[in-house]
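Peer 1: This is the structure I want to talk about, given as structure tokens.
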Amino acid sequence: MSTKSSINRSILARAIKESFTKLNPRVLWTNPVMFVVEILAVLTTYFAIRDMGGLMKTFMFDVQIAAWLWITVLFANFAEALAEGRGKAQAESLRKSRSETIAKKLVGEKIENISAAKLVKGDIVLVETGEFIPGDGEIIEGIASVDESAVTGESAPVIRESGGDRSAVTGGTRVLSDWIKVKITANPGETFLDRMISLVEGAKRRKTPNEIALTILLIGLTIVFLLAVTTLEAYAIYSGATVSISVLAALLVCLIPTTIGGLLSAIGIAGMDRLLKRNVLAMSGRAVEAAGDVGVLLLDKTGTITLGNRMATEFVPAPGVSPERLADAAQLSSLADETPEGRSIVILAKEQFNLRERDIMALGATFVPFSAQTRMSGVDLQGREIRKGAMDTIEKYLREKGGEMASEVKTAIEKIAKQGGTPLVVAEGNQALGVIYLKDVVKGGIKERFSQLRRMGIETVMITGDNPLTAAAIAAEAGVDDFLAEATPEQKLKLIREYQAKGHLVAMTGDGTNDAPALAQSDVGVAMNSGTQAAKEAGNMVDLDSNPTKLIEIVEIGKQLLMTRGSLTTFSIANDIAKYFAIIPALFVVTYPELGVLNVMGLATPQSAILSAVIFNALIIVALVPLALRGITYRPLGANIILRRNLLIYGLGGIIAPFIGIKLIDMLLVMLHLS
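Next comes the structure, spelled out in structure tokens:
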């Protein structure tokens, strides 16, 4: 998504206003580099006003230096405010969506209408068709279609029901049909919506460890150059030379890493914003940053690697049985089967043998539904008794009928299992007619995505409850590096800890209560919004779309954040080199004429050189704001390749661009007689 499309006039207007608000020292001190620039701007402004009765040329030079120092701070504030803008706009929208909802609180068998704001943890409320869910909770009774567009932005309703992994509901969403009883799981001010409002407001975002480390480095560089400039002032006094405060301030501002200092906060906030645009709510900046360093991805098979439903792909008949007869019996036994697998059997028979769906009423059929006891389903009609189910179940059924399963059928079953499929045996009377090949369909393009991750040095591990044989076949087809079959919560947790003990950062996704321990243990735990409250509280990210494949995008955004920060840091340090060539010769050329040889840009005058460097220093910040917000274009490349690209593009570019920019500004200043 482009930066342009996500920034409107109101966000720009707010950012401009907050650029001035952030001049408050109590706000700006959190950005040490810009805080120093603001102090220097105050000093140069003071001395310019104090000396305004002196030489007009000197006064105008001091005023211009002071003005551009203020502009430098404002541009840095603007970058941060612009990055925060979308989050604050969404927070306001969410606040407006929280109208004064009336809750139907259940007190015994009575219903008491109270304000949703008065609900506390443990209260039970009834929510009926057309009503808003008054607070976060778990459904304890009922099933309903729920409109979650206020939270997720998706217009399609979702089904929420009690007793499963889709029992959690969010305050502010609306019931479209039926009714549910909800047990409130959060007190006022602690709801998911309250946390979401707080988190999307960039101003409340905490700095990540990486960001803190870089800030410490910037502070160290600032202190070093401050001492250097102070030493120069002492040397100037000792040698009898005169160096104005404005010149020293300009020198210090151009020496310290103002470019990355001005953009650092914007880069971090924009990273969280890019996740938000994809409907992923990061509970901390640390999680986004960790996603960029992830070395292992744990992915559920169903719904992530496969489409989520097994599909009938082939009819394998027994000896002496025609494929048409097997397909006919399979379709008849599946006409009342509303599962995705059952529907796929009906469709496959229709496509391969032109067997149209029969009129169920006209057939006079008696359908036998699947049950946990019998572990098979089927149909009885016109003297025919057809059943379908797993091999052991049908084999037992045939023995009871006096029949036996042919060895060829067993061979077909073993072959299907080795290929990662699910064999479903169809029997009529005491004869096994053959096998239906049900297959987990691997998502298109997923193998290529895993190849990209492998090139990035990320290992992919499929988590599944399937048996090892089936899991191995699907893992090979999908192209994952490893798999964990017949996975239990304890095994998931153990696997994550093993990888972490080897020094890897681990990411995983989950939606059930049984996923909570692993989500809490993983470095990047992405909980599905449709999942249980326990899963959402355990993870450090929530996917509002409940799309497990989003984990791959999250890793890419995390890497993009780190790449952007690294690239702009490289550029910032590199472009300081050109500013040294502009200011240092200009500062000492009078005392040491030999330094004139360093004026490789041929700048007109010492004053023009200093002013040009300060102006460029301010303008480059605003020029890089779109890049900081959009991020460096992500490519799945290795660390060595990325380092070379950074040095070539942002290192070399950071050296060349200021030479050109400062020279052009110098020519413009001379043309306008401003130096």
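Residue numbers (numbering that gives the first Met the number 0): 0 to 674.
Ideal Cβ positions, reconstructed from N, Cα and C, are used throughout, including at glycine.
1. Is Val119 helix, strand or coil by DSSP?
2. Can you name the start and end residues of the beta strand (DSSP E) that Glu111 belongs to?
3. Determine the extent of the beta strand (DSSP E) in which Asp596 is found, giving its start and end residues.
4. For my contact list, Glu427 and Glu384 are in at a C-beta cut-off of 8 Å; report their separation, rounded to the angstrom.
5. Quick one: what does DSSP say Gly687 is sitting in, helix, strand or coil?
6. Under the rule that 16 or more other beta-carbon atoms within 10 Å means buried, what is Lys117, buried or exposed?
7. What does the Cβ neighbour count give for Ile655, buried or exposed, with the cut at 16 atoms within 10 Å?
8. Using beta-carbon positions only, say whether Ala364 and Leu380 come within less than 8 Å of one another.
9. Can you check DSSP and say which residues form a bridge with Lys104?
10. For Lys203, does the three-state DSSP call read helix, strand or coil?
11. What is the rounded straight-line gap between the Cα of Gly660 and the Cα of Leu175?
12. Check whether the stretch 293-310 and the stretch 594-603 touch, using three or more Cβ-Cβ pairs below 8 Å as the test.
13. If you draw a straight line from the alpha carbon of Ala102 to that of Gly170, how long is it in whole angstroms?
14. For Ile255 versus Val26, is the C-beta distance shorter than 8 Å?
15. Using 8 Å for Cβ pairs, my map puts Lys387 next to Leu437. What's the rounded Cβ distance?
16. Can you list the beta strand (DSSP E) stretches of 3 or more residues lying completely in the stretch 272-355, in chain order?
17. In the DSSP output, what is Tyr677 paired with across the bridge?
18. What does DSSP give as the partner residue(s) for Trp178 in the beta ladder?
19. With a CB to CB cut of under 8 Å and the five nearest residues on each side skipped, what residues in its chain are close to Leu397?
20. From what residue to what residue does the beta strand (DSSP E) around Phe366 run?
21. On the criterion of 16 or more Cβ atoms from any shown chain inside 10 Å, does Ala731 qualify as buried, or is it exposed?
22. Alpha carbon to alpha carbon, what distance is there between Leu560 and Leu642?
23. What is the residue span of the beta strand (DSSP E) that Thr400 lies within?
24. Within 10 angstroms of its Cβ, does Ser114 collect 16 or more other Cβ (buried), or is it exposed?
25. Using the three-state DSSP reduction, which class does Lys442 fall into: helix, strand or coil?
26. Rank Asn30, Ile38 and Phe60 by C-alpha distance to the C-alpha of Pro605 and give the top, closest one.
27. Can you tell which of Asn209, Ile495 and Pro488 has the C-alpha that lies nearest to the C-alpha of Val460?
Peer 2: In brief:
1. Residue state for Val119 is assigned as coil, using DSSP reduced to three classes.
2. Taken as a continuous stretch (DSSP letters only), the beta strand (DSSP E) holding Glu111 covers Lys109 to Ser114.
3. The question names Asp, yet the displayed sequence has Val at residue 596. Note, Val596: premise wrong, no beta strand (DSSP E); not H, not E.
4. That pair is a contact at about 7 Å.
5. What is shown of the chain runs 0 to 674, which leaves residue 687 out entirely.
6. By the Cβ neighbour-count rule, Lys117 is exposed, with fewer than 16 other Cβ atoms within 10 Å of its own.
7. Exposed.
8. Yes, Cβ-Cβ distance for Ala364 and Leu380 is below 8 Å.
9. Its beta-bridge partners are Glu111 and Val124.
10. Unreliable positioning characterises Lys203 in this predicted model, as indicated by a pLDDT of 48, which lies under 50. The coordinate reading is nonetheless provided below. In this structure, Lys203 counts as helix in the three-state DSSP scheme.
11. One alpha carbon belongs to Gly660, the other to Leu175, and they sit about 60 Å apart.
12. Three or more beta-carbon pairs separated by less than 8 Å are not found between the stretch 293-310 and the stretch 594-603, which leaves the two stretches without contact.
13. When rounded, the distance between both Cα atoms is 11 Å.
14. No; because the gap between Cβ atoms is not below 8 Å, this pair is not in contact.
15. Taking the Cβ atoms as the reference, Lys387 lies roughly 11 Å from Leu437, outside the contact range of under 8 Å.
16. Taking only runs of at least 3 residues, the beta strand (DSSP E) segments lying wholly in the stretch 272-355 are 279-281, 295-299 and 305-316.
17. Residue 677 lies beyond the range of the chain shown here (0 to 674); nothing can be said about it.
18. In the DSSP output, where bridge partners are listed per residue, Trp178 has Glu127 and Ile142.
19. Within the same chain, and ignoring the five residues on either side of Leu397 in sequence, the residues whose Cβ sits closer than 8 Å to its Cβ are Glu403, Met404, Ala426, Asn429, Gln430 and Ala431.
20. Phe366 -> beta strand (DSSP E) spans Thr365 to Val367.
21. Summary: the structure shown does not reach residue 731, with the chain confined to residues 0 through 674, and so no result is reported for it.
22. Distance between the alpha carbons of Leu642 and Leu560 is about 15 Å.
23. Contrary to the premise, residue 400 reads as Lys rather than Thr in this sequence. DSSP places Lys400 outside any beta strand (DSSP E), giving it a letter other than H or E.
24. Ser114 should be labelled exposed.
25. Looking at Lys442 - three-state DSSP - the assignment turns out to be coil, as it is neither helix nor strand.
26. When Asn30, Ile38 and Phe60 are compared, the shortest CA-CA separation from Pro605 is found for Phe60.
27. Residue Ile495 is the option with its Cα nearest to Val460.
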